[in-house]
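Peer 1:
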Amino acid sequence: MGTRNSSKRQMNKTVQLQDLGKKDYKATWEYQEELFKGIVDLKIKNRREESELQTPNYFLFVEHPHVYTLGKSGDLSNLLLSEKQLEAKGATFYKINRGGDITYHGPGQIVGYPIIDLENFFTDIHKYLRLLEEAIILTLQEYGIVCGRSEGETGVWLGVGTPFARKICAMGVRASRWVTMHGFALNVNADLGYFDNIIPCGIRGKAVTSLNVELGVEKVDEEEVKGKILKHFSDLFEAIFEKSEMVNSQSKI
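Going letter by letter, the sequence shown gives residues 909 to 1161 in the working numbering.
#1: Please classify residue 1061: does DSSP put it in a helix, a strand, or coil?
#2: According to the neighbour-count rule (16 or more other Cβ atoms, all chains shown, within 10 Å of its Cβ), is residue 1071 buried or exposed?
#3: Residue 1003 lies in the beta strand (DSSP E); which residues open and close that run?
#4: If I'm right that residue 919 touches residue 1028 with Cβ under 8 Å, what's the distance once you round it to whole angstroms?
#5: So the candidates are 1117, 1084 and 1050; which of them puts its Cα closest to the Cα of residue 1135?
#6: Check whether the Cβ atoms of residue 1023 and residue 966 lie closer than 8 Å to each other.
#7: Closer than 7 Å by C-beta to residue 1045: which residues in its own chain qualify, once you throw out the five before and the five after it? Chain order, please.
#8: Please report the straight-line C-alpha distance between residue 1161 and residue 968, rounded to a whole angstrom.
#9: Considering only the beta carbon of each residue, do residue 1080 and residue 1011 sit closer than 8 Å?
#10: Cutting at 6 Å between CB atoms, please list the residues of its own chain near residue 1159, excluding the five before and the five after it.
#11: What are the complete beta strand (DSSP E) segments, minimum 3 residues, inside the stretch 1125 to 1151?
#12: Using DSSP's beta-bridge definition, name the partner residues of residue 1013.
#13: Measuring alpha carbon to alpha carbon, tell me which of 1085, 1053 and 957 ends up nearest residue 876.
Have a look at this one:
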């Protein structure tokens, strides 16, 4: 019944863009959960009532204070800091419900959370991840950065197949009823020292890098990078971005 209704319902390719600025990880996670639940609840209502209400899509940009997050399949031993050491570094730690292992978020990093109903675009999680990667790859290529994918390792890498392989963009998503949450973290002007406190994504012997380091400059214009990401995401997903304010939220964000 759900499939029949979704095929009748007109696909909504408009994506509401919200730039949250610098926000606490937990508050942003709770806000993501609210948006995610709103879409899922509407899909359940459509199925139950055989209605054809359009589902919304969202894309959040945010910068988090220093934080380490561990995916549901992750290994806690990949965090190399005690609770006291975390506190001393002004960092927090959360176990979360995305795929993937441990990663770091912090200032100088562009974090993007697409919370979209894939039934508005295509129903293929593998394709979704590959297109997310492609949006970042195309963005970095505009800066003359040669990058790509590393087989079996989600995200965007430089120097794949060499002893100098390094990750510039981490990805981890959750999906239920074809609705996505979580997303990507692109190092643009990141303090790479914070990655020394973890085994990034549980992968030993692989370094991380940042766009400013690769370009040999002190600072890259992050707003410019965001614009390029949105352009490529829009092209790849045939999406139309529309700036919007935050949806009524119970989260203290």
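Idealized CB from N, CA, C, for every residue including glycine.
Peer 2: The short version:
#1: strand
#2: exposed
#3: 1000 to 1003
#4: 5 Å
#5: 1050
#6: yes
#7: 1055, 1056 and 1064
#8: In this prediction, residue 1161 scores a pLDDT of 47, lower than 50, which makes its location untrustworthy; the coordinate-derived value is nonetheless stated afterwards. Cα to Cα, the separation comes out at about 13 Å.
#9: yes
#10: Per-residue confidence for residue 1159 stands at a pLDDT of 49, beneath the threshold of 50, marking its modelled position as unreliable; the derived number appears in the next sentence. Excluding positions up to five away in sequence, the list reads 935, 938 and 939.
#11: 1148 to 1151
#12: 975
#13: The question about residue 876 has no answer, for the chain in this structure spans 909 to 1161.
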